[in-house]
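Visitor: Residue numbers (this note's numbering), protein chains in the order written: chain A, 11 to 643; chain B, 11 to 643.
Below you will find the structure I want to go over with you.
There are 2 protein chains.
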Amino acid sequence: MNIKTRIEQLKVSPRNPFKNTEKIIKKIELAKQDGIELIVFSEMVVPGYLIGDEWERLAFIRECQNCGEMIREASDNITVIFGNVGVDWEKHNEDGRVRKYNALFIAENREFIHHPVTNYPFLIKTLLPNYREFDDSRHFFDLRKFALENAKTLEELVIPIKTSVGLLGCVLCEDAWDSDYAVAPLKLLANHTPRPDLFINISCSPFTANKNHKRNRVFSNHAHNLKRSFIYVNNTGIQNNGKTIFTFDGESCVYDTNGHTVECGAPFEECSLSIDIPMDPDESFGKPVSLKDDGIDMLYKAINYGASEFMKLCYGTRITIGASGGIDSALSAAIYSRIVGPENLLLVNMPSRYNSNTTISLAKQLAENLGCFYAEIPIEDSVNVTTTQVDNLTISNIAGNFSETLKLTDFMKENVQARDRSSRILAAASNAFNSLFTCNANKTEFTVGYSTLYGDICGFLAILADLWKLEVYEMSEYLNKEIFGREVIPQGSIDLVPSAELSSAQNVDEGKGDPLIYPYHDKLFKSWVEWWNRATPEEALEWYINGSLAQKIDYNGDIKALFPTPKEFIDDLERWWKLYQGMGLAKRIQAPPVIAVKRRAFGFDKRESQLGVRFSQKYIQLKNELLARALNK
Amino acid sequence: MNIKTRIEQLKVSPRNPFKNTEKIIKKIELAKQDGIELIVFSEMVVPGYLIGDEWERLAFIRECQNCGEMIREASDNITVIFGNVGVDWEKHNEDGRVRKYNALFIAENREFIHHPVTNYPFLIKTLLPNYREFDDSRHFFDLRKFALENAKTLEELVIPIKTSVGLLGCVLCEDAWDSDYAVAPLKLLANHTPRPDLFINISCSPFTANKNHKRNRVFSNHAHNLKRSFIYVNNTGIQNNGKTIFTFDGESCVYDTNGHTVECGAPFEECSLSIDIPMDPDESFGKPVSLKDDGIDMLYKAINYGASEFMKLCYGTRITIGASGGIDSALSAAIYSRIVGPENLLLVNMPSRYNSNTTISLAKQLAENLGCFYAEIPIEDSVNVTTTQVDNLTISNIAGNFSETLKLTDFMKENVQARDRSSRILAAASNAFNSLFTCNANKTEFTVGYSTLYGDICGFLAILADLWKLEVYEMSEYLNKEIFGREVIPQGSIDLVPSAELSSAQNVDEGKGDPLIYPYHDKLFKSWVEWWNRATPEEALEWYINGSLAQKIDYNGDIKALFPTPKEFIDDLERWWKLYQGMGLAKRIQAPPVIAVKRRAFGFDKRESQLGVRFSQKYIQLKNELLARALNK
């Protein structure tokens, strides 16, 4: 015997319960026409999930609840499983607001199935994630707190639910990622007598590089160990926490008891999967899971999807990009050209006296390759106005008893140029083109603030800010080869020495450019930013001293060749650490939202406080010892 | 018999364990010299508390632990109580990282007192706040989870600790704010036999308007009900979550069993309080608690303290302010003049053709009153360069088969002016003056984005962004009257119609200005932003229909006089709601950090996702019914 099942991988509109519900009900009607017995939607499919503090609005909560009732009404002749906020108006959360649960609802025959012990018309999520972008405990009361409050054990509460399609073991997202918890909801369900016929995990799980492969490993093991088929449903769409945009790839699937899967269409696409799930646990129906790391192709897919969906959210249809001739703006332009089309893309090159013909030609070549609008708007005149107005300006107080003469240093003049390009020209040109303009900074630049505030860090969205510089190159080559099948991003931009071209010291024709040694600094910064236990200069210096640094940070080169002396190594380390914790952070706070594609995207995933620059006591001690030894040699 | 007690209200340097520890040890040495028996420091006094995800760095955790050992070593002949992170290297948190507790340490005779049941050398916080700016569950494992993990009851775990000064009932911060929790740690302690001799709450509790008065009410009740003296220790300094800066007022004190207090010096000041606490619970030693709401004086104190401390963090000693002649920049200038002194303050007036002599004179008058630097730098020339370069520019693709002519609308030209002022002039002049430049936007403007991105929203810090417009006026008058004792902020700026002066439609001399009706919109926006259960247009419209709106939002006027017809009311409501959720939010994401002084400051206190503009189904229904009724009349 089989359960005629449909998995609905919906594109969820966060904080739009009514719109989601209309879609859900249509899907239920279709399923009924197709004779489906069990239809499963994702976690929080009604309200959306990453919606900030919208949970504090009672009008919103009421609408979610009303929508749940509409879905219940549609559940004649079918078993419907979906995620929504579960509300108890009689109780409160620990913040004093109304009691809310991250809940799984089962409706059939126009009734919700009530949990026999909690007596709620829903099941409560047991494990609430509180890391990365997740704030579950901020908004939801979990089953462990409920158990404590009501003097129940989790054994009494985490139990299978009898439905007309069988005895179901239902959990929500994190409940199945139990390896770091003292509680394992799936085990509690499996230990129950009788054991569930089928396990279901509804999730709202953002894309992160390599997470799906880990999930496939973990979940196929679950199915194998539980000796039951296992349904995993995740949604598509984008959701965000203001500073950080998350994409949802869906990749819903069903695992059989061999841990094999039936997959549900392409990632990032709304789809329905119909499958007859055998009730006989010995009956295999899937294919072995193929485990591989996400390559640059998946990162591109996520960024492309995220940028495209975020533009819709902003009602944006056109894009303006400051095209320098360098690789970051070129990749950005290539990605957006696929989203908006060349007739809605404007590249603006904004030369000053420091820009070479090389880069200007590359920007133009890029525009030609893309077939999009192109304009050259020089910044010399305006920069001169600024310099004339500010440099050497004598200021005084009104009484006239003190005065000073303002002086713009060369470094300040570099920033004047960068701000002139973005805040003056790009913002105005983009307005006049009825478009949004972009921030093209990559993660290496974001880390140390190698960009100017109110200058090149401006834009409505930073699509490359979760990619290290070398990944920008890798993605550029991937786009030329696999997406365009021709040289759209000029090879010259790929070969060019990376340079801001803001002074004669950054002359690309003389091979001069950025002070960053990307192959090394990408890896060093990654150890500070992305590692689960994030490293600091203390570890870097320890590893440098014991000779393991290159291996530890996975740098494929010779550290000694980069920094012949300990002092040079230390100077470089401190220079970038100071920028990372100081101005880099000050700039990130005012930077545009970032599309997250990896663990620890800047913004809400990696939360940062402005605390000034600091080195640990141990670091200072190691450094002093090392420099003293070097001196004594 | 008395316990010779000292309460240390330290200014904590967040994420600087070594610096804090040096200070703590000095205080312990002083106390020993003074024959003190018990010295109490605040929660997380070693590491700091609001430090973002710094908790994920093992080097930092190790330093915190080492610092704790140094404090332990100093505890000969004295009982030392302090807050630090408690680490268990053998276990992990639910995110897989090392196990961390928000912990209270008791050291005496150079040993930590171990909890008899957990066997840890510290006590674990039971209740972890997860609202507003707090992220405790993200980083710390709480006692309830510990109880579940180890099959213990809270009755076994929350017990008094025997020390050489007596049996102590110790809790951490939120543990005493138990009204919304199913668990009350203080009650568990009080029910213990024998009952503790003395209760202690160590806190790291940011200033929020009126919170201290609530705390005095709650804590003096505790002391009264527990029938024991009650020590409350809080720190000073500032801490932040990137987007939101929190000030700590300290206000540590001791309550006697009548609920009376001995207060510990002025708020926002580091201080030590020595007090002999009688062991006899019937012995009264305090004065009755005076309960009153925080007025504009406390808000000023917090903002002044926060701005001053944040400048130190940025190594800033000078300030540049764009002075328009309006009230916001005038208040900002007046506040900063007290922090940096007139010789370090530069006001820049940046007139265009739309600026009246009225406002230019007011800006100059302000500079004269403050005695600070003043400069006038007009924006006409640069705005002309921009207009000439962009307006009517014909763009095309390189192949030349399509072209368009860019057009700057009047509204776009307004934004060109605003960006020209901030990103071009202020940024450059501020650099050249070796200063930081400020964002002067208030909370009303932040709510609906009534400021230009890369324009007047720019700055290193937004000190007024948690004050509604009417509070800006109130604080201005307070400063003139109470702080300066003379008219420093020109009365003309107070009397002036608020205006951006970006077009002839905003001519102040003709009484034209902002589209906001501040007395009404302040209150309406407050209901959306600051209420614990935040309101939406749905509630506003319901109340409008049933005639209770003015009363509900505490608007001291006649709504009908503002909006003669329902349609006008609705148009206004929707206009600002759309801006609040749309462009206003997009601007807040790239806005400077805000000093928080009230519940729900923008940034990390009130977390927001960009989700587009939406009205609830109920709102749409109410609106349609209302407009239909209006039409049928």
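Note that beta-carbon positions come from the ideal geometry of N, C-alpha and C, so glycine has one too.
Nothing here was measured: the structure is a model prediction, and the numbers come from that model.
1. For chain A, check one thing: does any of its Cβ atoms lie closer than 8 angstroms to the Cβ of PRO361 (chain B)?
2. Hey, would you say ARG598 (chain A) sits closer than 8 angstroms to PHE614 (chain A), going by beta carbons?
3. Specify, as a first and last residue, the run of the beta strand (DSSP E) that CYS74 (chain A) falls within.
4. So, GLY335 (chain A) versus THR369 (chain A), is the Cβ gap smaller than 8 angstroms?
5. Rounded to whole angstroms, what is the Cα-Cα separation between GLY78 (chain B) and TYR59 (chain B)?
6. Go ahead and label GLN516 (chain B) buried or exposed: buried means 16 or more other beta carbons lie within 10 angstroms of its beta carbon, across all protein chains shown.
7. Suppose you measure from the CA of ASN160 (chain A) to the CA of LEU167 (chain A); what does that come to, to the nearest Å?
8. Can a CB atom of chain A be found closer than 8 angstroms to the CB of ARG434 (chain B)?
9. Give me the Cα-Cα distance between HIS125 (chain A) and PHE115 (chain A), rounded to the nearest whole angstrom.
10. When the Cα atoms are used, what is the spatial distance from LEU376 (chain B) to GLU497 (chain B)?
11. Kindly say whether LEU68 (chain A), judged by its beta-carbon, lies nearer than 8 angstroms to any beta-carbon of chain B.
12. Assign TRP542 (chain A) to buried or exposed, taking buried as 16 or more other Cβ atoms, counted over all protein chains shown, within 10 Å of its Cβ.
13. Assign ILE91 (chain A) to one of three DSSP states: helix, strand, or coil.
14. Under three-state DSSP, which class holds ALA475 (chain B)?
15. Does any residue of chain A have a CB that is nearer than 8 angstroms to the CB of VAL400 (chain B)?
16. Classify GLN501 (chain A): buried if its beta carbon has 16 or more other beta carbons within 10 angstroms, exposed otherwise.
17. Of the residues that make up the segment 36-68 of chain B, which ones have a beta carbon closer than 9 angstroms to any beta carbon in chain A?
18. Using the beta-carbon of each residue, which ones in chain A are nearer than 7 angstroms to ILE408 (chain B)?
19. Is the Cβ of SER486 (chain B) closer than 8 angstroms to any Cβ of chain A?
20. Going by DSSP, what residue range makes up the alpha helix (DSSP H) through PHE421 (chain B)?
21. What is the DSSP secondary structure of GLU165 (chain A), counted as helix, strand or coil?
22. State buried or exposed for TRP99 (chain A), treating a residue as buried only when at least 16 other CB atoms are found within 10 Å of its CB.
23. In its own chain, which residues sit with a C-beta less than 7 angstroms from the C-beta of SER147 (chain A), not counting the 5 before and 5 after it?
24. Hey, could you find the ends of the alpha helix (DSSP H) THR396 (chain B) is sitting in?
25. Would you kindly work out how many angstroms separate the C-alpha atoms of PHE535 (chain A) and THR546 (chain A), rounded to a whole number?
26. Does the distance from the C-beta atom of PHE92 (chain A) to that of TYR111 (chain A) stay below 8 angstroms?
27. Shorter than 8 angstroms from the beta carbon of ILE337 (chain B) to some beta carbon of chain A?
28. Just mark LYS691 (chain B) as buried or exposed, buried being the case when its beta carbon has 16 or more other beta carbons within 10 Å.
29. Whose CA, out of B:THR415, B:THR454 and B:SER432, lies closest to the CA of PHE443 (chain A)?
30. Around the C-beta of ARG225 (chain A), are 16 or more other C-beta atoms found within 10 angstroms, so that it is buried, or is it exposed?
31. Is DSSP giving SER339 (chain A) helix, strand or coil here?
32. Between the Cα of TYR130 (chain A) and the Cα atoms of A:ARG142, A:ARG109 and A:ASP420, which residue gives the shortest distance?
33. What is the residue span of the alpha helix (DSSP H) that GLU53 (chain A) lies within?
34. Is there at least one Cβ from chain A nearer than 8 angstroms to MET11 (chain B)'s Cβ?
35. Residues in its own chain within less than 6 angstroms of GLY465 (chain A) by CB, not counting five upstream and five downstream?
36. CB ALA186 (chain A) to CB HIS232 (chain A), shorter than 8 angstroms?
Guide: According to the structure shown:
1. Not one chain A Cβ lies under 8 angstroms of PRO361 (chain B).
2. No.
3. Note, CYS74 (chain A): premise wrong, no beta strand (DSSP E); alpha helix (DSSP H) at 68-83.
4. Cβ distance < 8 angstroms, so GLY335 (chain A) and THR369 (chain A) count as in contact.
5. Rounded to whole angstroms, GLY78 (chain B) to TYR59 (chain B) spans 15 angstroms at the Cα level.
6. Classification of GLN516 (chain B): buried, given that the 10 Å Cβ count is 16 or more.
7. Roughly 11 angstroms separates the two Cα atoms.
8. For ARG434 (chain B), at least one C-beta of chain A is nearer than 8 angstroms to its own C-beta.
9. C-alpha separation (whole angstroms): 10 angstroms.
10. Answer to the nearest angstrom: the Cα atoms are 9 angstroms apart.
11. By this cut-off, LEU68 (chain A) is an interface position.
12. TRP542 (chain A) is exposed by the Cβ-count criterion.
13. ILE91 (chain A) falls in the strand class under three-state DSSP.
14. The three-state reading of DSSP puts ALA475 (chain B) in coil, since its state is none of H, G, I, E or B.
15. Yes, VAL400 (chain B) counts as interfacial toward chain A.
16. Flag for GLN501 (chain A) reads exposed.
17. So the close ones are GLY58, LEU60, ILE61, GLY62, ASP63, GLU64, GLU66, ARG67 and LEU68.
18. Here the neighbours are LYS374, ALA377, GLU378 and TYR384.
19. It does not: the Cβ of SER486 (chain B) has no partner Cβ on chain A nearer than 8 angstroms.
20. For PHE421 (chain B), the enclosing alpha helix (DSSP H) begins and ends at 420-429.
21. Helix.
22. Counting Cβ neighbours within 10 Å, TRP99 (chain A) comes out exposed, since fewer than 16 surround it.
23. Contacts found: LEU138 and ASN140.
24. Residues 390-400.
25. One Cα belongs to PHE535 (chain A), the other to THR546 (chain A), and the distance between them is close to 9 angstroms.
26. Not closer than 8 angstroms, so no.
27. No, because no Cβ of chain A sits closer than 8 angstroms to the Cβ of ILE337 (chain B).
28. This structure does not reach residue 691 (chain B), given that chain B is present from 11 up to 643, and the question cannot be answered.
29. The shortest C-alpha separation from PHE443 (chain A) is found at B:THR415.
30. Buried: at least 16 other Cβ atoms inside 10 Å.
31. Of the three classes helix, strand and coil, the one that applies to SER339 (chain A) here is helix, per DSSP.
32. The candidate whose alpha carbon is nearest that of TYR130 (chain A) is A:ARG109.
33. The continuous stretches of alpha helix (DSSP H) do not include GLU53 (chain A), and DSSP gives it neither H nor E.
34. Chain A, which has no Cβ nearer than 8 angstroms to the Cβ of MET11 (chain B), makes this no.
35. So the qualifying residues of the chain are ALA428, ARG429 and SER432.
36. Yes. Within cutoff.
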